[in-house]
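First the structure, in the form of structure tokens, and then the observations on it.
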Amino acid sequence: MTRRYILQHAIIFIFKSSPRELFNYKQISRRIGVINPIQKLQVVEILYDLADENSIIEVNCGRYRYNNKGAILSGSFVGRRKGNNLFISDDRSSPIAISNLNSKHALDGDRVRVRLLTKRTGPSPEAEVLEILERKEHTVVGKLQVTNEYAFLVTESKKISNDVFIRRGMLKGGKDGDKAFVRIISWPDKEKNPLGEVIDLLGIAGENKAEMRALLIEHGLPYKYPERVERAAKRIPETIDEKEIVKRRDFRHIKTFTVDPPDAKDFDDALSARLLDNGNWEVGVHIADVTYYVKPDTVIDREAMHRGTSVYLTGHTSTMLPERLCNRICSLCPGEEKLCFSVIFEFDAEGNIMNSDICRTVIKSDYRFSYGDVQQILETGEGECKEEIFVLNKLAKMLREERFRAGALCFNRGAVKFEMDSEGKPLRAYVDESKEANKLIEEFMLLANRTVACYIGQKQATGKAKTFIYRIHEAPVAERQEKLVCLARRFGYKLETKGSRSNFSRSLNLFLESITDKVQKNLVDVLVIRLMSKAKYTTNNNGHFGLAFHSYTHFTSPIRRYSDILVHRLLTRYLNSETNAQRCKYEKLCWHCSAMELLAKAAERDSVRYKLAEFMQEKESDLFTGVVLDVSTWGLLVELNGIRCEGVVPIHSLGNEYFDLDENNFTLTGRKTKRCFRLGDLITVQVMRVDMEQKEIYLTLVEKK
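Pasting the structure below:
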């Protein structure tokens with residue numbers, strides 16, 4: 013705790029204790045026992061600062077009074093680690109800033125009553141917390157620091173900056189260096205730190221499993237499975253009833269295979285292909301029939317709905333379904349008979365779909381391929397199922413070309429992957445680019461999803477649409493379209509935004525294709541993706557802008573997405589000619605699935621950021637080339653070439669001068685030197701330091717190329 017912090021709190025306490033009294037710096041200094049001339053100057057500075065933020069009012073020259081005027085509001089407190097907290101009033105008007113000094117120990121999510129502070133300068137309103145009306149239950153994760161007398165949790169939360177004090181009797185066996193999950197139980201007014209108790213120990217800080225479980229908790233995601241759900245899964249038999257098999261189309265003797273990443277454990281889709289007597293090819297997209305085993309409103313179903321999705325962190329997976337189901341009973345493992353929900357297509361020699369059928373099937377996968385295996389077959393022409401794989405690849409290319417002609421957007425940005433040792437430490441970071449094998453599988457999954465959506469999307473005889481779950485992606489709103497226009501102009505391209513959605517998407521694709529330099533293309537892909545709307549689930553069929561589909565859904569991954577389980581159930585309902593489902597119920601479920609997906613994606617991104625930060629710890633002082641992804645008032649965001657690692661060059665490290673930001677032209681220019689940093693600039697940087705707690709990599713500029 014700094015001397016200035018102590019002085020500031022003491023000064024505010026004096027003003028609040030005597031809100032009608034006037035004080036000058038001498039009177040304040042006397043009251044708090046300051047006699048040193050240097051400290052008196054600090055008192056003067058604090059009084060100026062408090063007057064600037066309107067916590068006190070200068071009534072006449074050098075004499076101040078507490079500012080107790082302003083509207084009283086109730087609402088929610090939004091906590092931020094760096095102190096730039098916000099207040100959201102019950103009328104949902106614009107957020108109001110609250111400094112840590114004026115927060116009265118409120119925590120993120122608390123209901124509070126605040127008073128507006130009338131600022132002398134600046135357009136943004138500020139407030140102070142008068143009362144905490146209702147405490148939300150607060151939990152945090154962090155690293156324990158334990159001594160003989162006391163313990164603290166060093167927090168990593170983005171919502172709270174203070175460490176949590178823990179009495180030794182509340183440690184639950186936790187030791188120094190453990191990663192812990194802690195509940196905040198109180199925060200006395202006169203204490204700097206909140207008081208907490210350990211809920212669970214996650215492992216030793218720094219170990220991969222402990223860090224990944226902590227990430228799940230930070231994002232509000234489940235990190236372990238309830239025992240009652242595991243017990244329910246154990247009661248499900250692995251054998252298939254023969255009575256069920258005879259109800260289904262039998263594909264057990266047709267060549268079938270799965271294609272997944274090499275480390276995958278749950279195989280929820282398979283492809284079959286065979287040449288028909290008429291010379292056409294029959295292609296089956298077979299999806300694990302999870303809904304045969306997971307019935308509505310059972311303990312397993314409720315847990316799956318709560319989770320919404322599996323979460324794939326680096327080196328750690330939090331599955332939506334119990335492992336017995338997702339990795340064994342439902343997984344389409346080779347050599348095992350499995351129940352599926354399938355979409356069967358018949359293609360002619362020109363790649364036209366002659367007919368399709370949605371049906372329940374039983375399959376027996378012959379081979380388990382990785383994407384690398386299939387890619388090698390495509391490149392060498394040798395391997396199991398080579399004829400089927402070549403035919404499927406030819407058809408996939410035709411499907412892909414058709415999508416792009418319709419205006420589908422073309423991105424080819426690979427994912428960051430790691431080679432790790434036995435303890436989960438990253439040895440190498442690399443970009444796993446999407447190849448022909450990946451695109452082959454992608455096209456048939458897209459086709460199956462689209463076919464199911466189009467089938468359900470057909471109007472009934474009454475003209476009333478059936479309630480269904482669609483995966484929609486809307487075109488960027490006008491403001492973001494304008495930003496895309498500015499971005500394209502930065503690269504010398506005029507983007508067309510007038511006319512139909514397909515015209516806009518085609519123009520956007522032409523812009524993407526016009527960038528031939530690999531580094532620049534990667535930059536543009538990143539920026540365009542960030543300006544796109546987020547795809548989501550809804551019962552309203554608004555089409556998919558990015559894929560250029562009028563109807564689209566998610567049908568192909570029921571092991572890892574609850575939305576797909578719902579789609580399977582609705583599809584079964586309508587195939588059985590049952591009545592229309594209740595729209596309101598499914599719209600709420602759509603909202604939940606979309607929300608859980610956003611949380612999962614954020615956690616997955618943070619796990620990659622954590623591993624990149626861990627990897628870059630060994631690279632401190634090393635030099636890298638990178639491209640400027642963003643310019644801002646706080647500095648430069650740089651992506652290091654080759655590993656897609658993002659780091660920050662703080663603005664203060666760019667030179668001893670002020671910089672002006674031009675958002676329209678994506679530039680940051682020094683007022684004195686006129687040195688200009690632009691979006692897309694290639695620069696050389698040095699790794700300055702790595703903050704593992706915040707997963708941030710700080711860089712310093714070496715030279716601008």
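Residue numbers 13 to 717, in the working numbering, belong to the letters of the sequence shown in order. Just so you know, even glycine gets a beta-carbon here, dropped at the ideal spot from N, CA and C.
With 16 other Cβ atoms within 10 Å as the buried cut-off, status of Ala625: Numbered from its first residue, the sequence shown carries residue 625 at position 613. By the neighbour-count rule (16 or more Cβ atoms within 10 Å), Ala625 is buried.
Residue span of the beta strand (DSSP E) that contains Cys688, given as start and end: Counting from one through the sequence shown, the residue named residue 688 turns up at place 676. That run of the beta strand (DSSP E) goes Cys688 to Arg690.
Uninterrupted beta strand (DSSP E) stretches inside the region 195-249 (no shorter than 3 residues): 207-216
Span separating the alpha-carbon of Phe99 from that of Ala139: In the sequence shown, counting from the first residue as 1, residue 99 sits at position 87. In the sequence shown, counting from the first residue as 1, residue 139 sits at position 127. Their Cα atoms are separated by approximately 8 Å.
First and last residue of the uninterrupted alpha helix (DSSP H) at Gln388: Against the sequence shown, residue 388 aligns to sequence position 376. Tyr383 to Thr392 is the extent of the alpha helix (DSSP H) around Gln388.
Beta-carbon gap between Glu632 and Leu641 smaller than 7 Å: As a first step, residue 632 must be located in the sequence shown, where it is residue number 620. As a first step, residue 641 must be located in the sequence shown, where it is residue number 629. It is not a contact, given that the beta carbons lie outside the stated cut-off.
Alpha-carbon spacing of Ser198 relative to Val71, whole angstroms: Taking the first residue of the sequence shown as 1, we reach residue 198 at position 186. Taking the first residue of the sequence shown as 1, we reach residue 71 at position 59. When rounded, the distance between both Cα atoms is 38 Å.
Range of the contiguous beta strand (DSSP E) that encloses Gln470: Translated into positions along the sequence shown, residue 470 becomes position 458. Looking at the DSSP string, Gln470 is not in any beta strand (DSSP E), and its letter there is neither H nor E.
Where Pro438 falls: helix, strand or coil (DSSP): Residue numbering aside, residue 438 sits at position 426 when the sequence shown is read from its first letter. If DSSP states are grouped into helix, strand and coil, Pro438 belongs with the strands.
Helix, strand or coil at Gly134 [DSSP, three-state]: Walking along the sequence shown from the start, residue 134 turns up at place 122. Confidence at Gly134 is low in this model, with a pLDDT of 49, below 50, so the placement of that residue is unreliable and no value is reported for it.
Chain-order list of residues whose beta-carbon lies under 8 Å from that of Ile18 (same chain, five-residue window excluded): Start at 1 with the first residue of the sequence shown, and residue 18 comes out as number 6. For Ile18, where only same-chain residues beyond five positions count, there are no Cβ hits under 8 Å.
Beta-ladder partner(s) of Tyr78, from DSSP: Position 66 of the sequence shown, counted from the first residue, corresponds to residue 78. DSSP lists Ile68 as the bridge partner or partners of Tyr78.
Per-residue DSSP class, three states only, for Gln157: Translated into the one-based positions of the sequence shown, residue 157 becomes position 145. Here Gln157 sits in strand by DSSP.
Arg425 versus Leu539, Leu711 and Gly296, residue with shortest Cα-Cα distance: Here residue 425 corresponds to residue number 413 of the sequence shown, with the count starting at 1. When only C-alpha atoms are compared, the closest one is Leu539.
Close Cβ partners of Arg513 (< 7 Å) along its chain, the five nearest in sequence each way excluded: Here residue 513 is taken as the residue at index 501 of the sequence shown, counted from 1. The answer, listed in chain order, is Ala487 and Phe557.
Uninterrupted alpha helix (DSSP H) stretches inside the region 267-353 (no shorter than 4 residues): 311-319
Identity of the residue in Val176, Gln493, Ser41 and Ala460 nearest Tyr564 by Cα: By one-based count along the sequence shown, residue 564 stands at place 552. Nearest of Val176, Gln493, Ser41 and Ala460 to Tyr564, Cα basis: Ala460.
Reduced DSSP category for Lys533 - H, G, I as helix; E, B as strand; rest coil: Counting from one through the sequence shown, the residue named residue 533 turns up at place 521. Looking at Lys533 - three-state DSSP - the assignment turns out to be helix.
His485 (DSSP reduced to helix, strand or coil): Numbered from its first residue, the sequence shown carries residue 485 at position 473. The answer is strand: DSSP assigns His485 an E or B state.
Any 3 or more C-beta pairs closer than 8 Å across the region 277-294 and the region 353-368: Because the criterion of three Cβ pairs below 8 Å is met, the region 277-294 and the region 353-368 touch.
Residue nearest to Asn36 in terms of C-alpha spacing, selected from Gly74, Asn676 and Lys52: For this step, residue 36 is matched to residue 24 along the sequence shown. Ranking the options by Cα distance to Asn36, first place goes to Gly74.
Among Gln470, Asp188, Arg483 and Lys267, the one whose alpha carbon lies nearest that of Cys605: Stepping through the sequence shown from its first residue, residue 605 is reached at position 593. Closest by C-alpha distance to Cys605, out of Gln470, Asp188, Arg483 and Lys267, is Arg483.
Residue from Glu315, Val639 and Met432 with nearest C-alpha to Glu239: Along the sequence shown, one-based indexing puts residue 239 at 227. Closest by alpha carbon: Glu315.
Three-state class that DSSP yields for Glu33 in the structure shown: One-based indexing of the sequence shown puts residue 33 at position 21. Residue state, collapsed to three classes: coil.
Residue range of the beta strand (DSSP E) that includes Phe263: Stepping through the sequence shown from its first residue, residue 263 is reached at position 251. Note, Phe263: beta strand (DSSP E), Arg261 to Phe263.
The region 314-329 contacting the region 589-607, beta-carbon criterion three pairs below 8 Å: yes
For Thr479, the three-state DSSP class (helix, strand or coil): Here residue 479 corresponds to residue number 467 of the sequence shown, with the count starting at 1. Coil.
Inter-residue CB distance, Arg581 and Thr551 (contact presumed, cutoff 8 Å): One-based indexing of the sequence shown puts residue 581 at position 569. One-based indexing of the sequence shown puts residue 551 at position 539. Contact flag wrong, Cβ pair sits at about 14 Å.
When Lys409, Ile468, Ala490 and Met432 are compared against Ile450, the one with the closest alpha-carbon: Locating residue 450 in the sequence shown gives position 438, counting from the first residue. Ile is not the amino acid found at residue 450; the sequence shown has Asn there. Among Lys409, Ile468, Ala490 and Met432, the Cα nearest to that of Asn450 belongs to Lys409.
C-alpha gap between His485 and Ser517, whole angstroms: In the sequence shown, residue 485 corresponds to position 473, counting from 1. In the sequence shown, residue 517 corresponds to position 505, counting from 1. So the two alpha carbons sit approximately 12 Å from each other.
Cβ-heavy atom distance, Asp272 to the ligand ADP, below 6 Å: No copy of the ligand ADP appears in this structure; indeed no ligand is present at all.
Check whether Ala593 and Thr479 have beta carbons under 7 Å apart: As a first step, residue 593 is located in the sequence shown; it is residue number 581 there, counting from the start. As a first step, residue 479 is located in the sequence shown; it is residue number 467 there, counting from the start. In terms of Cβ geometry, Ala593 and Thr479 form a close pair [threshold 7 Å].
Helix, strand or coil at Asn97 [DSSP, three-state]: The residue you call residue 97 lines up with position 85 of the sequence shown. Of the three classes helix, strand and coil, the one that applies to Asn97 here is strand, per DSSP.
Inter-residue spacing [alpha-carbon to alpha-carbon] between Asp175 and Gln706: For the purposes of this step, residue 175 is taken as residue 163 along the sequence shown, with counting starting at 1. For the purposes of this step, residue 706 is taken as residue 694 along the sequence shown, with counting starting at 1. Answer to the nearest angstrom: the Cα atoms are 14 Å apart.
Length of the line joining the Cα atoms of His328 and Ala222: Within the sequence shown, numbered from 1, the residue matching residue 328 stands at position 316. Within the sequence shown, numbered from 1, the residue matching residue 222 stands at position 210. Using only the alpha carbons, I get a separation of about 10 Å.
Residue range of the alpha helix (DSSP H) that includes Lys255: Position 243 of the sequence shown holds residue 255. Per DSSP, Lys255 belongs to the alpha helix (DSSP H) from Glu254 to Ile257.
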